[in-house]
Each structure stands twice: as C-alpha cells, then as structure tokens.
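Below is one structure, written out as structure tokens; the observations come after it.
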Amino acid sequence: MIPAPLLGSGESHNAKLAAIFHQMAACYRYLGTEHRFRVIAYDGASRTIAALNDDISVYATDIASLDKLKGIGESIAEKIMEFLATGKIKTFEKLKQEVPVELLELMDINGFGPATTRLLHEKLLINNRDDLVAAIESGKLASLKGFGAKRIENMKRGLKLFKEAHSRMLLWDALKTGEAILQQLLSIPGIRKAELAGSLRRRKETIGDIDLIAIADKKNRKRIVARFISLPLVDRVLASGETKASILLKDNSVQVDLRLVNDYEYGAALLYFTGSKEHNIRLRTWAREKGWKLNEYGVFDAASDKMLAGATEEEIYKLFGMSWIPPELREERGEVELAIKHELPDLLTESVMRGDMQMHSTWSDGAEDIETIARFIQKDYPYYEYIVMTDHSPSERIAGGLQVEDFIKQFAEIDRVNKKLKLDFVKKGAEVDILSDGSLDLPDDLLERFDWVTASIHSGFTKDNTERLISACNHPFVNCIGHPCGRLIGKREPYGVDWDKLFDAAVRTGTAIEINAQPNRLDLKDDLVKAAVAKGVMLTISTDAHSLDQYAFMSQGVSVARRGWCTHENILNSYSWKQVEKFRQQKRKHRKVES
DNA sequence: GCCGTTTTCGGCCCGACTGTTTTCAGTCG
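1 is the number of the first residue of the first sequence in full-length UniProt numbering; add one for each residue after it.
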C-alpha cells in the first residue's frame, strides 16, 4: 500500500489541500445525488492541486490568479485562501458535523456506494468499519430490505480485500503480469485480436488494475468468457456477462477486466478503456459539440444514430480532426489542443537510444564484472554505442563505494575491456554522493578524469534539498543529477525541491538531469519531466542496473520520458557519444570563462 | 461548484453487470 504523502519540511500545502477537497467530494457524494456536480468539482480541484509542481501558495496571491487554474473557480479559490490563512476550511468543518466521516472510507470498498453507506448509517446506526463487521456477524444486516445472501457475502469479501484493493502495482510488475495474462487470453480459441488497455497502456508509474480488450465473434463469447474466468490464475470472479468479465488474480489480488467487442468497434473500445477518464470526457464533450456521440462502440451521429467511426483509434481521432494521440499523452494535459493543431511532439522511442548512463558492477554493489556487462549489452542491445560505468563513491559504504585508488584501478580495467572489445564502448563514470553541505565526496583532480559524473543524494531525505542539488549543478565536473527527487514509490516520499530553481540552475550550468528507470524510482517523474522539458533542461535516461536483467528497465525509462512529452532532442543519451562529449565540454569551457 | 469560438444560465460522459426486483437502483469503470 502506498502511504499518504508525508508533509516534510519544505514540502507543499498541496497534498493536504488535495486530501481535504477529496474528502469534501466524498462528503457530498454521501449526501446524495443532488450534489453530484459538486462532487465532480471538488474531485477536479483535488486532482488539479495534487498535480501542481509548485506550492499552491505560489498561485494564491489573489482569487483571480487561483481562478485561472483548471477546475478552480471563485468558491474553491476562496477556500484555498482561507486554508492558507487559517489552516482550516469552515465549510469542511461543517460538513464533518453532518457526515459520519469514518463512514467515508466505506465508500472506497468494492460494492459500497453512497446509497448503501447512507442506508447502513440511517437504519442500523453503523458509524464505521467495525460497526459494519459487527452488524454482519450478528445477522442484523440480513433483516434489511434489499440485502440478500449474495450481497452480504460480497460485502464480507469486499471488507476482507479492502487493504489489498488499495494497493497499486509498480508499472514494471504490472506489465509482466499483464503480458502473461494477455498471452493466456490469446491462446483461447475464437480470440481474434487482443491488447492491454487502461493505465498500463498509458504506462502510468503505478497500476490499479489490468484491462484487456479483445475481438471475438458474438457466437463465441459465452464460451470465451467461461474459459477466461476459469483460467488457473483466477482467484475469484467479480462479474461475467456476454461482453465483459472481471476477475481477481490468485498471486496478488489484482483485478483484471476483459471486454469482448466486434472488429468494427475495436478502436472505440480501445480508446475508451485506455482512458484516462479525463481524456475520454474531453473527447466526448468534443463529440457532443459536433452533434456526435462517442461511446465504447464508436462515434455516432446523435440525431440519426448512424455510425461514423469505431474500428480503429486512428479513424476516430481523424474524424475529430485530430492527430492520433499516443496513449502516454492521454492525461488531459493539453494534448487535445495540440492534436487539433497537429502539433503533438514527436515522442522519443527506445530504438533511438544510444547508450545507458548509469550502472553498477562488482566493483561496488553490482552483480557482474565490467567485461560481462559490456558483452551482454553488445549482444542484447546492439543499437547502443556506449555504456557508462558509474560505481558508487566512498560515502556509500554499504553499497561498496570505491576509494580514489579503486577508481584509478577501475580505469585500467575499463581500458583493458575496451581494448579487448576493440571499441571505446565502456565509459569511465561514477555516481558521486552529494554530501549534506552540497560538496562531493571525491576530490576534483579525480572527478576531472571521469568521462561522466552523476551526482546523487543518498541521505537527508526529509529536508528541502534544493540548495544541495544546485551546488552540485554548480560544480564544473558534475554532468548530471541522479534520481533527483529521491523517492521510492510506495516506500519513501520525495524530499523537498524547488523544481523551478533546480531546472533553471541545470540549464544555466549545463547540467543534465536523470530519469532513473528503476521500477520503484521512475525519478524524475513524468510531470516534472514535462516541466523540465518546457524549461529546456537536457535529460538522460539510465537503468541504474545492478544486474543483467535490469538493463531492460530502459523501456520504462523511455515511457516516463514519453509521458513527460520528450522528443529525441530532449534526451542526451539518444545522441552519439560525440554529442555527449560536446555537452560536457560546454560546461567546462563555460566555467573557465566565468572563473 | 465549474465553465463558455453557439451560452454568464443551464448544462455537466455513458453503458454493462449485479442483485433483487418484477422494471430498476446502485455501482463500477
């Protein structure tokens, strides 16, 4: 389970405020359908604030500037100002009097909506999860109208699964699971085509459930669904109909949704189930304005119900006068506007990558020696022209950090391997620690000799580390900032960083910023990548591999870059080493002129 | 409560499945 954001020093009000608005939406959801548009509004405001990179107080100079933010109007702007001034929102305090707040979490349990939750409260005086469990145990629930045996059984299961239902998988794990299920689905006779949809197709950093879309003739569907829900990996069947089935997996209680469609509606279904929800709503609204209707079966003329498109996503976007939008961009972050103008970025692809900028060998905490790594990569990644060996510096004692003399020895080993390979393939690098005062833990005369120096923070995770990172940027021999936000997804929140300041410093000093592709890091994260690209920051993608199987992480590093709107031009290691060298020399020259 | 290249008022995405009903409300994605 991924914990709620911790508010460390130097961290923003955003997380707190987003949580409050999310709770307010839940309150209004509980209070009844007459508030349904308020629910949408507060949920929207919550999402907007959670996605901001800067603290909300930056925007909160006055109501009018807050009003410019998407989904924030006069009323919510006032509440933001009130929160910043007093630490409270009166309307929320009042709502908490009206709504049994402990009950709100019940609505997060599968099968519990507002109506059920409210009924339980009013008829059985249930105030929290414990009360509900007691009511079920004592048989009180069965006395209520509308609560049959099946429904109560489902409620019990939902309660049991509550914790797991809240967990999200890392993208890497979800991709593996998803591809395995996809293969099993494709082996069922009658499936003519199938692919993964949902947030997995959009390559979000964490995945809640797995969506599959498949083409199958109507006459085969009953049999296919029956086969699908009885696959060995199925723990429980949540739903199964003519066109749709939902299962829970044995291994990890992950939900998998399958949708069977006709070939002429495949594109519409894929579009719909790929999402995001916000992107879909945007497209549907667009269709509506044109007098059309978009659903998972196609685009239809609203008046005549005549089908206008649906077989492929391409024809639907084309009908809308838009370029086809890559799934990674479908987050309603301006992609629709650019698609209308046919100005979408030409996104980076893995095949243009020319090297990997961070990895570890047996010299520090990696599993293989340098020659083994080099030969493996030349075989499995033939399009790479270089790799940068970046073992740890002395401060990382646990990770077997190298002393100065060790690095000198390693230089000789790299020379030996390159000579054997008859190619200057392995570059001499290091992952240097940024100490708490912003200095580095290796001397300048050694740093100067590396081909590439990545500087990272490995301590002091609760502080604001902006100044520390900027002083690393200011160092003439630092080429890159490694895993810049320092988070471990689901385990450790990012430390505080003023991203505007850091990105400015990176551009000013000619320092690159890393996208670390380790599955639980994905750091820099996608929305910050987008912000960095907008500022003209040069980025790198690194696997930070510690064993041979981890070099494959590059693909999801590329996914993060794509979600951050990167083209080939934004990623330094999609260029030849000559260009990397040029980038590096520019910084040194620039520093010399300055000093 | 938000929003606007038809609108400052009157809209706000849309359909499948379940459980329990005898025609549908609730929930989900």
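All C-beta atoms, glycine included, are put in the ideal place defined by N, C-alpha and C. Every value quoted in this text rests on a predicted model; they were computed, and no experiment measured them.
For ARG202, the CB contacts under 8 Å within the same chain, skipping 5 residues up- and downstream, are THR274, GLY275, SER276, PRO327, GLU328, ARG330, GLU331 and ARG563 in chain order. The residue among GLU313, GLU289 and GLU296 with its C-alpha nearest the C-alpha of ALA302 is GLU289.
Listed in chain order, the beta strand (DSSP E) elements of length 3 or more contained wholly in the segment 517–551 are 539–542.
Annotation for ASN295: the continuous beta strand (DSSP E) segment containing it runs 292–295. The continuous beta strand (DSSP E) containing GLN255 extends over residues 255–261. In this structure, DSSP gives VAL99 a state outside helix and strand, which the three-state scheme calls coil. Residue pairing of TYR386 in beta bridges, as defined by DSSP: GLY355.
Contact check for GLY355 against TYR386 passes: the beta carbons are separated by less than 8 Å. For ARG202, there is no enclosing alpha helix (DSSP H), as DSSP marks it with neither H nor E. CA-to-CA, the gap between VAL417 and GLN410 works out to about 10 Å. Closest in C-alpha terms to ARG118, from the list ASP130, LEU104 and ASP43, comes LEU104. In the three-state reduction of the DSSP assignment, MET155 falls in the helix class. Burial of GLU265 is indicated by the presence of at least 16 other C-beta atoms within 10 angstroms of its C-beta. Between GLY208 and ASN154, the C-beta gap is not smaller than 8 Å, which leaves the two residues out of contact. If you draw a straight line from the Cα of ALA134 to the Cα of GLY438, it comes to about 56 Å. Counting only residues of its own chain and dropping the five nearest sequence neighbours on each side, THR243 has a CB closer than 8 Å to the CB of ARG221, ARG259, LEU260 and VAL261. In terms of Cα proximity to LYS501, the closest of PRO494, GLU493 and LEU469 is LEU469. Within 10 angstroms of the beta-carbon of LEU125 lie fewer than 16 other beta-carbons, which makes it exposed.
Within the DSSP bridge table, the entry for GLU514 names THR540 as partners. Of the candidates ARG584, ILE191, GLY482 and GLN358, ARG584 places its Cα closest to the Cα of ARG449.
A straight line joining the alpha-carbon of PRO114 with that of MET107 spans about 6 Å.
The bridge partners DSSP lists for GLY178 come to none.
Looking at the DSSP output, PHE300 bridges to LYS293 and MET307.
No Cβ-Cβ contact shorter than 8 Å links LEU488 with THR540. Ranked by Cα distance from ALA512, the first of ASP527, PHE477 and TYR495 is PHE477. If you look at TRP363, you'll find it isn't in any beta strand (DSSP E); DSSP assigns it neither H nor E. Nearest Cα to GLY510 within the set PRO519, ALA552, SER559 and VAL580: VAL580. Within the segment 435–514, the complete beta strand (DSSP E) segments of 3 residues or longer fall at 452–456, listed in chain order.
Listed in chain order, the non-local C-beta contacts of LYS123 below 8 Å within the same chain comprise LEU144, local neighbours out to five positions each way being set aside. LYS250 carries a coil assignment under DSSP once its states are collapsed to helix, strand and coil. At least 8 Å separates the beta-carbon of HIS342 from that of ASP391. Rounded to the nearest whole angstrom, the CA to CA distance from PHE503 to LEU249 is 42 Å.
The residue among SER542, CYS566, THR312 and VAL234 with its C-alpha nearest the C-alpha of ASP527 is CYS566.
The alpha-carbon separation between ARG236 and ASP415 amounts to approximately 57 Å. Counting only residues of its own chain and dropping the five nearest sequence neighbours on each side, TYR59 has a CB closer than 7 Å to the CB of SER65, LEU66 and LEU69. One alpha carbon belongs to PRO443, the other to THR177, and they sit about 46 Å apart.
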